[in-house]
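Protein chains: 2
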Amino acid sequence: MATGTSHRAAPEHTHPDDVPVLTALAALADPVRVQLVRELAASEDWSRSCGTFDVPVGKAAKSHHFAVLRAAGLVEQRDEGPRRVNRLRREEFDARFPGLLELVLRGD
Amino acid sequence: MATGTSHRAAPEHTHPDDVPVLTALAALADPVRVQLVRELAASEDWSRSCGTFDVPVGKAAKSHHFAVLRAAGLVEQRDEGPRRVNRLRREEFDARFPGLLELVLRGD
DNA sequence: GCGAGTGTTCGATGAAAACCATACAGTCAC
DNA sequence: GTGACTGTATGGTTTTCATCGAACACTCGC
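Keeping their order, the protein sequence lines are chains A and B.
Under this note's numbering, think of the first position of the first sequence as 47, with each following residue one higher.
Under this note's numbering, think of the first position of the second sequence as 47, with each following residue one higher.
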């Protein structure tokens, strides 16, 4: 086998270009996911693993929310040893849905 | 009693400025409501009563959806005789959530 | 007043989604 | 290998929301 050996299934990603508007809106219409996105936006790319996010739900639910964000083209994930680190797809998502991310990050 | 007599309760409106982001996103994360907003955007202000929108739900559900849109600051309503006519709050909503409405109207 | 037309409210139902606890699958250090 | 750690998958509960049918309220023309 080649180098970079990982026997774990790579997470499935969806590019923002392939995401319907309704999917993007539904993904962002949840307080927990918005909090994840905001924390992620305030961090360096690939600096945060899923477990480091402080949201008031169990880890199973957290994992589910990350899957939703991935499917909405908002988050990219990569395996780094035992943990899965994240990156907010700022530019790609912004190119597809101009202003939307900024709106969510701005807050109230 | 003064002129313009209406014994019907005026619909409660919420100004976009008082709408949380999550409420706005949740309101627009529904296919029926998006269709209503799009049809409304393609019509003149105050030209369409609730019944004239062609969505695949009964009138009870339709009434509910209009209430949600009102609460999200997206729609303004006024009673005109027996019917309730609508207006999309384009500028006010756009001032509060720049780009969001345009995003939804653009479609996919 | 009466009847037709329009829209809201109420109660109930069904579907979707969030959530948890548990069990499982990798990765790493030892 | 064993054990600690991290995240995913599964099964089941709870909550939320869209929907409908029926009843109600209001307006208007007759």
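Where is the CB? At the ideal position from N, CA and C, for every residue including glycine.
From a predicted model like this one, the values you see are computed outputs, not experimental measurements.
Close-in-space but distant-in-sequence residues of the same chain around residue i (CB under 8 Å, 5 per side omitted)
{"i": "R116 (chain B)", "result": "P57, E58, H59, T60, E122 and Q123"}
{"i": "E85 (chain B)", "result": "R94, F99 and D100"}
{"i": "G104 (chain B)", "result": "none"}
Euclidean distance between Cα positions of residue i and residue j
{"i": "H53 (chain B)", "j": "G97 (chain B)", "result": "21 Å"}
{"i": "R133 (chain B)", "j": "D154 (chain B)", "result": "23 Å"}
{"i": "H111 (chain A)", "j": "P102 (chain B)", "result": "31 Å"}
{"i": "S89 (chain B)", "j": "R135 (chain A)", "result": "36 Å"}
{"i": "S109 (chain B)", "j": "V78 (chain B)", "result": "12 Å"}
{"i": "A106 (chain A)", "j": "G127 (chain B)", "result": "54 Å"}
{"i": "P144 (chain A)", "j": "E137 (chain B)", "result": "18 Å"}
{"i": "A113 (chain A)", "j": "A113 (chain B)", "result": "32 Å"}
Residues near residue i by beta carbon distance below 6 Å, same chain, minus five either side
{"i": "V131 (chain A)", "result": "W92, S95 and R124"}
{"i": "P118 (chain A)", "result": "Inspection of the sequence shows that residue 118 (chain A) is occupied by Ala rather than by Pro. Here the set comprises V65, T69, A70 and A73."}
{"i": "R129 (chain A)", "result": "S95"}
Closer than 7 Å to chain A by CB, residue i
{"i": "L143 (chain B)", "result": "The sequence given here has Phe at residue 143 (chain B), not Leu. Interface residue, yes."}
{"i": "P66 (chain B)", "result": "yes"}
{"i": "D8 (chain B)", "result": "This structure cannot settle anything about residue 8 (chain B), because the visible part of chain B is limited to 47 through 154."}
{"i": "P74 (chain B)", "result": "Correcting the residue identity first, residue 74 (chain B) is Leu in this sequence and not Pro. So yes, L74 (chain B) belongs to the interface."}
Contact set for residue i: own chain, Cβ-Cβ below 7 Å, skip 5 residues either direction
{"i": "D63 (chain B)", "result": "R142"}
{"i": "V80 (chain B)", "result": "L74 and V150"}
Whole-Å CB distance - residue i paired with residue j, under 8 Å assumed
{"i": "L147 (chain B)", "j": "D140 (chain B)", "result": "6 Å"}
{"i": "A75 (chain B)", "j": "L151 (chain B)", "result": "So it is not a contact: roughly 15 Å between Cβ atoms."}
{"i": "V67 (chain B)", "j": "L120 (chain B)", "result": "Between L120 (chain B) and V67 (chain B) the Cβ distance is about 13 Å, and since that is not below 8 Å, they are no contact."}
Minimum Cβ-Cβ distance from residue i to chain B less than 7 Å
{"i": "L71 (chain A)", "result": "yes"}
{"i": "L149 (chain A)", "result": "yes"}
Proximal chain A residues relative to residue i, where beta-carbon distance stays under 8 Å
{"i": "P77 (chain B)", "result": "L68"}
{"i": "L146 (chain B)", "result": "G145, L146 and L149"}
Proximal chain B residues relative to residue i, where beta-carbon distance stays under 9 Å
{"i": "V80 (chain A)", "result": "V67, L68 and L71"}
Any non-hydrogen atom of the ligand ADP within 6 Å of residue i CB
{"i": "D91 (chain A)", "result": "For the ligand ADP, the structure offers nothing, since it holds no ligand at all."}
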